[in-house]
Structure formats: C-alpha cells, structure tokens
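Peer 1: Once you've had a glance at the structure underneath, I'll fire off some questions.
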Amino acid sequence: MDRLLTLEMFVAVASEGGFAAAARKLGSSPPAVTRGIAALEARLGTSLFHRSTRAVALTDAGAAFLEQARRILADLAGAERALRGAEAEPRGQLYLTAPVMFGRLHVLPVVGALMAQHRDLAVRMMLIDRDVRIVEEGIDVAVRIGPLADSGLKAVRIGWVRQMLVASPAYLARRGAPVRVADLAGHDLIAAMGPRAAGEWQFVSGRWRVDPRPRLVLNTVDGLLAAAEAGLGIANLLSYQVIKAVDAGRLISLLAAEQPAALPVHLLFEPSRAGLPAVRLFIAEMKARMRMAGLV
Numbered sequence: 001m002d003r004l005l006t007l008e009m010f011v012a013v014a015s016e017g018g019f020a021a022a023a024r025k026l027g028s029s030p031p032a033v034t035r036g037i038a039a040l041e042a043r044l045g046t047s048l049f050h051r052s053t054r055a056v057a058l059t060d061a062g063a064a065f066l067e068q069a070r071r072i073l074a075d076l077a078g079a080e081r082a083l084r085g086a087e088a089e090p091r092g093q094l095y096l097t098a099p100v101m102f103g104r105l106h107v108l109p110v111v112g113a114l115m116a117q118h119r120d121l122a123v124r125m126m127l128i129d130r131d132v133r134i135v136e137e138g139i140d141v142a143v144r145i146g147p148l149a150d151s152g153l154k155a156v157r158i159g160w161v162r163q164m165l166v167a168s169p170a171y172l173a174r175r176g177a178p179v180r181v182a183d184l185a186g187h188d189l190i191a192a193m194g195p196r197a198a199g200e201w202q203f204v205s206g207r208w209r210v211d212p213r214p215r216l217v218l219n220t221v222d223g224l225l226a227a228a229e230a231g232l233g234i235a236n237l238l239s240y241q242v243i244k245a246v247d248a249g250r251l252i253s254l255l256a257a258e259q260p261a262a263l264p265v266h267l268l269f270e271p272s273r274a275g276l277p278a279v280r281l282f283i284a285e286m287k288a289r290m291r292m293a294g295l296v
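So in full-length UniProt numbering, the last spot in the sequence shown is 296, and the numbers never skip.
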C-alpha cells in the first residue's frame with residue numbers, strides 16, 4: 001500500500017480516535033484503514049496502536065512517531081502549495097492565531113487590508129490567550145509574545161513589548177503611588193488569569209511574590225483595563241495593551257525604572273509554509289505594522 005496514504009491513515013486514526021471515524025474523514029472504509037495501519041506497522045516493525053473493542057490508543061512508539069508523521073505530511077503539503085505558485089497572487093485560506101487584544105489591535109487591521117487587496121484570499125483567525133499547537137491545528141502563522149520554546153518551527157521577530165504597571169489617577173489620589181517594588185504589598189492589585197497569571201511579577205530588581213493574593217483577578221485584558229481605569233487597583237499589563245490609556249491620561253505608568261527586559265514578538269510558522277504567497281505577504285505587512293506602531 002502507498003506509503004503516503006498509510007501515513008495519512010495513521011494520523012487520521014490518531015486524531016479521530018478510531019478506525020471508523022478516520023475512514024469517514026478520509027472518505028475510505030474501515031477495512032481499508034485497518035489494512036493500511038497493518039501495512040504501516042509491518043513496514044516499521046512495531047505496533048502503533050493499542051486496540052480494544054471500545055477504544056484505540058497510541059502505543060509509546062506510535063506517540064513518538066505521530067509528530068514526525070504530521071510534520072512529513074505538512075512539509076509535503078507546503079511544498080506542493082509552493083510549487084503550484086511561489087510567485088502567485090495570495091489566494092485560498094490563511095489560518096492565523098494571536099493573543100486576543102494584540103490580534104484585535106494589530107493583526108486584524110493587516111488582515112483587513114490584505115483581504116481588500118486580494119479578493120481570492122480568505123482568512124480564518126483564532127484570537128486566544130494561550131499557545132495553540134500550530135501543526136496539529138493547521139495554523140499557517142501564529143503570533144507569540146515572550147520567549148519561544150525550542151521547536152522545528154521558523155520564527156521571525158517583528159517587535160518588542162514591555163511589562164507596565166498602571167493605575168488610574170483616582171486610585172493614586174486615594175492610595176498614593178508606590179515608589180519601590182516593596183510598596184506594592186500595601187496596594188490593591190489587579191491580576192490576570194492564564195499565561196500571565198499572578199503569583200510572581202518580574203522586575204529589574206528581581207521577582208516579587210504577589211502576596212497577599214490580588215484583590216481582583218480577571219480572565220480578559222479588556223477586563224483588567226476596565227478595572228484599572230475604574231480605580232480598583234494596580235494592574236500588570238503589556239505596553240501595547242495600555243499605551244492608549246496612558247497617553248490619554250486615563251492610566252498612569254508606575255515604577256517605570258523597574259520595568260524588566262522587553263519581551264519579543266514573533267511570527268511562528270512551519271518552514272514549509274514560508275514560501276506561500278499569503279504567508280510571505282502577511283509577514284511583510286506585520287513588520288510594517290510594528291514599525292508604524294513603534295513596537296520595533
């Protein structure tokens with residue numbers, strides 16, 4: 001049986017959790033998928049799945065092989081797309097992901113301009129404040145803020161952002177402004193859930209343990225901003241999230257001399273997608289957007 005087809009069957013069974021579901025996804029039959037997996041296992045000389053009457057689960061060897069199989073299929077698909085038109089007009093579906101507020105402020109304007117210029121381009125964008133598994137979820141380009149983990153993915157740095165502590169003029173008039181990191185212990189703190197959850201805040205002078213617990217914890221950046229502007233306490237946010245409110249005087253920057261090192265903003269994607277017209281153009285336009293926003 002064709003090696004590529006058996007790889008597609010293997011990934012489908014692992015993703016769908018069963019032979020019948022994989023067959024439906026591939027437009028095949030369960031017996032054909034069963035034969036394909038058996039042929040692949042015979043060729044590799046190892047079992048890839050534990051089988052029972054109720055479930056199918058990956059063996060240790062299967063789990064180790066899955067990531068490689070997905071990457072092989074993704075690389076092949078990318079090579080085919082590039083060959084069909086490396087210099088062609090951007091067209092088809094572009095899959096993006098970005099943190100919610102960064103996506104709304106900086107990615108969406110770029111997407112809107114690209115769609116206006118290229119009528120055959122469609123975009124699917126996932127705005128979410130967590131790291132998405134790029135290969136598994138079929139993402140073309142992901143925006144990542146902060147240090148990157150080692151991976152086989154290609155990264156292009158497009159800018160920098162900084163941590164900023166902010167509070168409203170009304171709160172500071174009522175409670176006073178901290179002049180040292182240690183002074184935060186006497187203030188009401190507003191903290192985030194998720195990737196930047198409270199616990200420790202980073203400063204030039206070192207990590208500061210948020211203790212006692214924050215008075216208010218929210219799960220969205222918009223909520224944190226609204227709470228800070230309403231005078232409910234001091235919030236720890238990123239520069240791109242608060243710069244408009246600071247410039248307008250609705251929030252005041254605190255302990256600026258204690259700001260830690262800037263965090264990089266990267267575009268992350270599979271190497272096989274680098275030659276796609278839509279990906280190339282999106283990267284170029286995001287670089288221009290960051291320069292215009294003063295985030296480089």
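For every residue, glycine included, the Cβ atom is placed at its ideal position computed from N, Cα and C.
Looking only at its chain, what residues have a beta carbon closer than 6 Å to the beta carbon of residue 182, apart from the 5 residues adjacent to it on each side?
Peer 2: Against the sequence shown, residue 182 aligns to sequence position 182. Nothing meets the Cβ criterion.
Peer 1: Compute the distance between the beta-carbons of residue 267 and residue 290, then report whether it is under 8 Å.
Peer 2: Locating residue 267 in the sequence shown gives position 267, where the first residue counts as 1. Locating residue 290 in the sequence shown gives position 290, where the first residue counts as 1. Not a contact, by the Cβ cut-off of 8 Å.
Peer 1: Closest by CA to residue 11, which one among 219, 54 and 63?
Peer 2: Taking the first residue of the sequence shown as 1, we reach residue 11 at position 11. Answer by Cα proximity: 63.
Peer 1: Quick check on residue 96: buried or exposed, where buried means 16 or more other Cβ atoms within 10 Å of its Cβ?
Peer 2: Counting from one through the sequence shown, the residue named residue 96 turns up at place 96. The residue is buried, with at least 16 neighbouring Cβ atoms inside 10 Å.
Peer 1: Applying the 10 Å Cβ sphere with the 16-neighbour rule, what's the burial state of residue 29?
Peer 2: Position 29 of the sequence shown, counting from 1, holds the residue named residue 29. Classification for residue 29: exposed.
Peer 1: Could you give the residue range of the beta strand (DSSP E) that holds residue 253?
Peer 2: Position 253 of the sequence shown, counted from the start, is the residue given in the question as residue 253. Counting along the chain, the beta strand (DSSP E) containing residue 253 begins and ends at 252 to 254.
Peer 1: With H, G and I counted as helix, E and B as strand and the rest as coil, what does DSSP make of residue 214?
Peer 2: Your numbering for residue 214 matches position 214 in the sequence shown. Residue 214 falls in the coil class under three-state DSSP.
Peer 1: Please name the residue in 127, 218 and 6 whose C-alpha comes closest to that of residue 40.
Peer 2: On the sequence shown, position 40 is the one that residue 40 refers to. Residue 6 is the option with its Cα nearest to residue 40.
Peer 1: Can you give the Cα-Cα distance for residue 102 and residue 284, rounded to whole angstroms?
Peer 2: For the purposes of this step, residue 102 is identified with residue 102 of the sequence shown, where counting begins at 1. For the purposes of this step, residue 284 is identified with residue 284 of the sequence shown, where counting begins at 1. Cα to Cα, the separation comes out at about 17 Å.
Peer 1: Look at the alpha carbon of residue 257 and the alpha carbon of residue 176, and state the distance between them as a whole number of angstroms.
Peer 2: For the purposes of this step, residue 257 is taken as the residue at position 257 of the sequence shown. For the purposes of this step, residue 176 is taken as the residue at position 176 of the sequence shown. Cα to Cα, the separation comes out at about 18 Å.
Peer 1: Span of the alpha helix (DSSP H) holding residue 237?
Peer 2: Along the sequence shown, one-based indexing puts residue 237 at 237. Element bounds for residue 237: not the alpha helix (DSSP H) but the beta strand (DSSP E), 234 to 238.
Peer 1: Between which two residues does the beta strand (DSSP E) holding residue 128 run?
Peer 2: In the sequence shown, residue 128 corresponds to position 128, counting from 1. Unbroken run through residue 128: none, as it is neither H nor E.
Peer 1: On a Cα-Cα basis, can you pick out the residue from 31, 111, 240 and 35 that is closest to residue 159?
Peer 2: By one-based count along the sequence shown, residue 159 stands at place 159. Here the closest residue by C-alpha is 240.
Peer 1: Can you tell me whether DSSP reads residue 119 as helix, strand or coil?
Peer 2: Position 119 of the sequence shown, counted from the first residue, corresponds to residue 119. Residue 119 falls in the coil class under three-state DSSP.
Peer 1: Relative to the C-alpha of residue 279, which residue among 216, 142, 228 and 174 is closest?
Peer 2: Numbered from 1 along the sequence shown, position 279 holds the residue referred to as residue 279. Closest by alpha carbon: 142.
Peer 1: In chain order, what residues of the same chain have a beta carbon less than 6 Å from the beta carbon of residue 134, not counting five sequence neighbours either side?
Peer 2: As a first step, residue 134 is located in the sequence shown; it is residue number 134 there, counting from the start. Around residue 134: 142.
Peer 1: According to the Cβ coordinates, are residue 169 and residue 234 closer than 8 Å?
Peer 2: Here residue 169 refers to the residue found at position 169 of the sequence shown. Here residue 234 refers to the residue found at position 234 of the sequence shown. Cβ distance not < 8 Å, so residue 169 and residue 234 don't count as in contact.
Peer 1: For residue 163, is the classification buried or exposed, using 16 other Cβ atoms within 10 angstroms of its Cβ as the cut-off for buried?
Peer 2: Residue 163 sits at position 163 when you count from the first residue of the sequence shown. With 16 or more other Cβ atoms within 10 Å, it is buried.
Peer 1: Which value, in whole angstroms, describes the spacing of the CA atoms of residue 128 and residue 171?
Peer 2: Within the sequence shown, numbered from 1, the residue matching residue 128 stands at position 128. Within the sequence shown, numbered from 1, the residue matching residue 171 stands at position 171. Answer to the nearest angstrom: the Cα atoms are 30 Å apart.
Peer 1: Cα separation between residue 36 and residue 57?
Peer 2: Locating residue 36 in the sequence shown gives position 36, where the first residue counts as 1. Locating residue 57 in the sequence shown gives position 57, where the first residue counts as 1. If I take the Cα positions, the gap works out to 17 Å.
Peer 1: Leaving out five residues on either side along the sequence, give the residues of the same chain with a beta carbon under 6 Å from the beta carbon of residue 23.
Peer 2: On the sequence shown, residue 23 is found 23 positions in, with the first residue counted as 1. 29, 30 and 33.
Peer 1: By alpha-carbon positions, which one of 21, 2, 270 and 187 ends up nearest to residue 156?
Peer 2: Position 156 of the sequence shown holds residue 156. The residue with the shortest Cα to Cα distance from residue 156 is 270.
Peer 1: Rounded to the nearest angstrom, what separates residue 153 and residue 114 at their Cα positions?
Peer 2: Translated into positions along the sequence shown, residue 153 becomes position 153. Translated into positions along the sequence shown, residue 114 becomes position 114. Looking at the two C-alpha atoms, the distance is approximately 24 Å.
Peer 1: Using the rule of at least 16 other Cβ atoms within 10 Å of the residue's Cβ for burial, across every protein chain shown, is residue 273 buried or exposed?
Peer 2: Taking the sequence shown and counting its residues from 1, one reaches residue 273 at position 273. By the neighbour-count rule (16 or more Cβ atoms within 10 Å), residue 273 is buried.
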